[in-house]
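One structure is given below, encoded as structure tokens.
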Amino acid sequence: TKKPLLKMFFQNAFDLEDEGWKKLNYRWIGFFIFIAVLNEIVWRKYCPAGQEYIWVNFKVWGLLPISFLFAASQVPLINKYKLKQ
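Heads up: the sequence shown runs through residues 2 to 86, numbered per our numbering.
Following this line, the structure appears as structure tokens:
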């Protein structure tokens, strides 16, 4: 579809201009690509056989805070492109 994926899921929660939806969508795409690369680096470099707990701890205690911080950092963009009512 030509409509940003985030808009399809969150249009009832956020009322943004189309430009805002586009920027938010691309930021989340970039974030998920970054997380995928970071996950592979941690898994391949820091988790030798038998020590998967390092990777599991990273996924729980590393990725969760990173995701929350990224989501919180999107609030200014949401506020900037919020439709005036």
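Idealized CB from N, CA, C, for every residue including glycine.
Alpha carbon to alpha carbon, what distance is there between residue j and residue i?
{"i": "residue 16", "j": "residue 56", "result": "38 Å"}
{"i": "residue 50", "j": "residue 68", "result": "27 Å"}
{"i": "residue 43", "j": "residue 85", "result": "43 Å"}
{"i": "residue 18", "j": "residue 11", "result": "13 Å"}
{"i": "residue 3", "j": "residue 52", "result": "44 Å"}
{"i": "residue 48", "j": "residue 73", "result": "30 Å"}
Do residue j and residue i count as a contact pair if the criterion is CB distance below 8 Å?
{"i": "residue 36", "j": "residue 64", "result": "yes"}
{"i": "residue 75", "j": "residue 39", "result": "no"}
{"i": "residue 94", "j": "residue 41", "result": "Nothing in the structure corresponds to residue 94, since the chain is present only between 2 and 86."}
If contacts are defined as beta-carbon pairs under 8 Å, then residue i and residue j qualify, I think. What distance do you get, rounded to the angstrom?
{"i": "residue 22", "j": "residue 8", "result": "4 Å"}
{"i": "residue 32", "j": "residue 59", "result": "No, residue 32 and residue 59 are not in contact; Cβ-Cβ is about 17 Å, not under 8 Å."}
Go ahead and label residue i buried or exposed: buried means 16 or more other beta carbons lie within 10 angstroms of its beta carbon, across all protein chains shown.
{"i": "residue 5", "result": "buried"}
In chain order, which continuous runs of the alpha helix (DSSP H) of length 4 or greater are located wholly inside the stretch 42 to 81?
53 to 59, 65 to 74 and 76 to 81
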